[in-house]
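A.B. asks: Below you will find the structure I want to go over with you.
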Amino acid sequence: MGWWLASERKGQIEGVISRFDPVFWTVNFPRPMMAAVTTTAPDALRVDAVFHRQDQLAGLIWEAEDRHDHVLLGYETARDFRGCRLKFRWRSAGLLGLDAVNGPVLTIEGRDAAGMARAWYVRLWNYAAGVSDDAVVEIDFAGV
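So for the sequence shown, my numbering puts the first residue at 140; every next one is plus one.
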């Protein structure tokens, strides 16, 4: 039989993934805009986007909960990022620079101390070393 109903993991390959593994990032954007995220190396990814208007936004997304894979095969949900550091090289062309007033941000969606849904916006330029279109951004989530 090519399939079966499973209630637990039996025989499937199991392993560990690193938080922020490039393979598990997704991209979100409004139509008719187009965007794609491509894993270019075990520790690298590239986003290509076609903006049709100046007011369009695209989001590169890491989700703490794996909503795309089968429940028995997805990665573990881990919403506490305090022990994590994210370091990446930002290179862009044709976008607002990192130093722009309304430039690129990291959006964190979660819950506040009272349990209410909330979004936090982290200005990437505050954590960048370099110039506005070519910089290394390093964020320690324990300090954000």
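Quick reminder that beta carbons are idealized off the backbone N, C-alpha and C, glycines included. Note that the coordinates shown come from a computational prediction; the quantities given were computed from them, not determined experimentally.
#1: Mark Tyr266 as exposed unless 16 or more other C-beta atoms lie within 10 angstroms of its C-beta, in which case mark it buried.
#2: So for Tyr266, helix, strand or coil by DSSP?
#3: Any contact of the stretch 142-159 with the stretch 188-197, i.e. 3+ C-beta pairs under 8 angstroms?
#4: Of all the beta strand (DSSP E) runs that stay within the bounds of the stretch 220-274, which reach a length of 3 or more residues?
#5: So, with DSSP's three-state summary, where would you put Ala281?
#6: Distance, Cα to Cα, Ala274 vs Arg230?
#7: So Val176 packs on Val186, CB below 8 angstroms; how close in whole Å?
#8: Does DSSP put Val189 in a helix, a strand or coil?
#9: Nearest by alpha-carbon distance to Leu237: which of Phe280, Leu263, Leu212 and Arg224 is it?
#10: Considering Gly198, what are the terminal residues of the beta strand (DSSP E) in which it resides?
#11: Per DSSP, Val162 forms a beta bridge with which residues?
#12: Measure the alpha-carbon distance for Glu277 versus Asp182 and round it to whole angstroms.
C.D. replies: Considering the structure as presented:
#1: With 16 or more other Cβ atoms within 10 Å, it is buried.
#2: It is helical.
#3: A contact between stretches requires three or more CB pairs, one per stretch, nearer than 8 angstroms, and the stretch 142-159 fails this requirement with the stretch 188-197.
#4: Annotation: the stretch 220-274 contains the following complete segments of the beta strand (DSSP E) (minimum length 3 residues), in chain order: 224-230, 244-250, 256-262 and 267-270.
#5: For Ala281, the three-state secondary structure derived from DSSP is helix.
#6: Going by the C-alpha atoms only, they are around 7 angstroms apart.
#7: Going by Cβ atoms, the distance from Val176 to Val186 rounds to 5 angstroms, so yes, they are a contact pair.
#8: Strand at Val189.
#9: Closest in alpha carbon position to Leu237, among Phe280, Leu263, Leu212 and Arg224, is Leu263.
#10: Going by DSSP, Gly198 is part of the beta strand (DSSP E) stretching over Gly198 to Ile200.
#11: In DSSP, Val162 forms no bridge with anything.
#12: Cα to Cα, the separation comes out at about 15 angstroms.
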